[in-house]
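>
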Amino acid sequence: MHELGIANSILEAVEAEMRPHPGARALRIAVTVGALSGVDRDSLEFCFGALTKGTPFETLALDLKEAAADELQLTCLELEEPTP
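Numbering-wise, our numbering comes out as the position in the sequence shown, counting from 1, plus 751.
#1: Rounded to a whole number of angstroms, what is the C-alpha to C-alpha distance between P773 and E829?
#2: What residues in its chain sit with their C-beta under 8 Å from that of V892, if we drop five residues either side in the sequence?
#3: Check whether the Cβ atoms of I780 and L825 sit closer than 8 Å, and answer yes or no.
#4: Between E832 and A777, what straight-line distance do the alpha-carbon atoms span, to the nearest angstrom?
#5: Can you look up L811 in the DSSP assignment and give me helix, strand or coil?
#6: Rounded to whole angstroms, how far is the Cβ of F797 from the Cβ of L813, which I believe are closer than 8 Å?
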């Protein structure tokens with residue numbers, strides 16, 4: 752099930768992108784998944800939910816966008832900056 756590895760890589764990318772924004776909260780991550788990428792969208796959503804359950808990322812929304820070909824790309828990370 753390579754979707755578990757993909758879900759883990761998505762979370763690692765979120766963590767890396769958040770490092771310059773201490774105190775921020777990740778709200779939404781958009782991922783483009785191509786029809787020929789070999790990724791099962793339902794399985795990816797399940798794995799992502801399993802990995803985030805009980806963590807600070809439990810409320811992080813995974814927004815999967817459809818694309819042509821074999822594309823698999825993180826396209827957007829929406830953060831909420833802490834209020835001063």
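Here a beta-carbon is modelled for each residue, glycine too, at the ideal position from N, C-alpha and C.
Concretely, from the data shown:
#1: 14 Å
#2: One cannot answer for residue 892 here, as it falls past the ends of the chain, which runs 752 to 835.
#3: yes
#4: 9 Å
#5: L811: coil per DSSP, three-state reduction.
#6: That belief does not hold up - the Cβ atoms of F797 and L813 are roughly 10 Å apart, past 8 Å.
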